[in-house]
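One structure below.
Chains as they are written, first to last, in our numbering: chain V, 7 to 141; chain R, 563 to 677.
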């Protein structure tokens with residue numbers, strides 16, 4: 007069984023600008039993770055995250071672009087190489103009078119029980135999240 | 563900032579931060595596993611690791627700071643005990659993704675404001 011998460015956030019910027027931040031490698035590196043992303047359907051990009059203080063190599067999330075409809079909708083196949091879970095992230099943009107409403111859905115997230123059965127592979131991305139929140 | 567979420571967040575983000583830092587390390591996850599079976603003094607934990615007593619103590623200290631374990635003194639021993647409520651928090655996989663995206667969308671907002 008899997009779970010889905012839905013987020014909605016309004017930005018006081020036009021859709022074209024928000025879209026650029028979602029499909030530009032440099033921008034994604036600023037707000038999401040270091041990556042070699044290109045907005046091309048079928049291409050798989052590597053997003054990396056530090057694994058914390060165990061001196062290991064960076065963790066990898068493979069992101070394949072499954073759908074691309076600028077500046078309205080983009081679908082990623084999101085696969086954490088450590089965990090083997092395959093999930094999907096859907097970005098939907100909608101122009102509002104004063105900016106853009108972004109909806110983000112992350113679907114296919116394993117339930118608690120499955121997550122436990124994945125064993126010791128706790129995602130180091132949470133380490134970077136921690137650093138970001140502390141910083 | 564208007565973030566609306568499909569699920570309710572009921573814990574302060576500051577508490578999560580240290581929990582995530584704490585569980586990012588494989589040795590500390592192993593310590594949590596060992597303590598999940600029952601409270602133990604540091605001396606009984608050290609043989610399970612290829613690390614010094616000081617290193618194990620340091621990891622336990624980080625776990626205690628995050629609220630994942632508590633410690634009490636008994637004679638010359640320091641006894642550590644896992645905190646079930648905090649452990650439940652880190653087992654909530656969806657909760658981790660929720661915190662991850664919430665944080666990243668905040669950063670996206672900051673990025674857009676600055677560029």
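The beta carbon of each residue, even a glycine, is placed where N, CA and C say it ideally should be.
7 Å Cβ cutoff, residue 27(V) in contact with chain R: On the first chain, position 21 is the one that residue 27(V) refers to. It does; some Cβ of chain R falls within 7 Å.
Chain-ordered residues of the region 66-97 of chain V with a beta carbon less than 7 Å from chain R: Near chain R, meaning a CB-to-CB distance below 7 Å, no residue of the region 66-97 of chain V qualifies.
Secondary structure of residue 638(R), DSSP reduced to three states: What you label residue 638(R) is simply residue 76 of the second chain in a count that begins at 1. Of the three classes helix, strand and coil, the one that applies to residue 638(R) here is coil, per DSSP.
Beta-carbon spacing of residue 24(V), residue 47(V) below 7 Å: What you label residue 24(V) is simply residue 18 of the first chain in a count that begins at 1. What you label residue 47(V) is simply residue 41 of the first chain in a count that begins at 1. For the pair residue 24(V) and residue 47(V), the CB atoms are not nearer than the 7 Å cut-off.
Nearest neighbour of residue 55(V), chosen from 602(R), 611(R) and 586(R) [CA to CA]: Here residue 55(V) refers to the residue found at position 49 when the first chain is read from its first residue. Measuring from the Cα of residue 55(V), the nearest candidate turns out to be 586(R).
Proximal residues to residue 107(V) (C-beta, below 6 Å), its chain only, five neighbours per side dropped: Taking the first chain and counting its residues from 1, one reaches residue 107(V) at position 101. Around residue 107(V): 16 and 100.
Nearest to residue 619(R) (by Cα), restricted to the options 663(R), 589(R) and 660(R): The residue labelled residue 619(R) in the question sits at position 57 within the second chain. When the alpha-carbon of residue 619(R) is set against those of 663(R), 589(R) and 660(R), the nearest one is in 589(R).
Residue range of the unbroken beta strand (DSSP E) whose run includes residue 621(R): Locating residue 621(R) in the second chain gives position 59, where the first residue counts as 1. Annotation for residue 621(R): no beta strand (DSSP E) segment contains it, though the alpha helix (DSSP H) segment containing it runs 615-627.
Cβ of residue 673(R) within 7 Å of any chain V Cβ: Start at 1 with the first residue of the second chain, and residue 673(R) comes out as number 111. True, the Cβ-Cβ gap to chain V drops below 7 Å.
For residue 29(V), three-class secondary structure by DSSP: Position 23 of the first chain, counting from 1, holds the residue named residue 29(V). In this structure, residue 29(V) counts as helix in the three-state DSSP scheme.
Reduced DSSP category for residue 46(V) - H, G, I as helix; E, B as strand; rest coil: In the first chain, counting from the first residue as 1, residue 46(V) sits at position 40. Residue state, collapsed to three classes: coil.
Residue 120(V) versus residue 103(V): straight-line alpha-carbon distance, rounded: As a position in the first chain, residue 120(V) is number 114, starting the count at 1. As a position in the first chain, residue 103(V) is number 97, starting the count at 1. Note that residue 120(V) scores 49 on pLDDT, short of 50, meaning its location in the model is unreliable and no value can be drawn from it.
Chain R within 7 Å of residue 142(V), Cβ atoms only: Outside the displayed span of chain V (7 to 141) sits residue 142(V), for which this structure offers no information.
Where residue 661(R) sits in the DSSP three-state scheme: One-based indexing of the second chain puts residue 661(R) at position 99. In the structure shown, residue 661(R) sits in a helix (DSSP, three-state: H, G or I).
Residue 659(R): contacting residues in chain V (beta-carbon distance under 7 Å): Your numbering for residue 659(R) matches position 97 in the second chain. Simply 11, 112 and 115.
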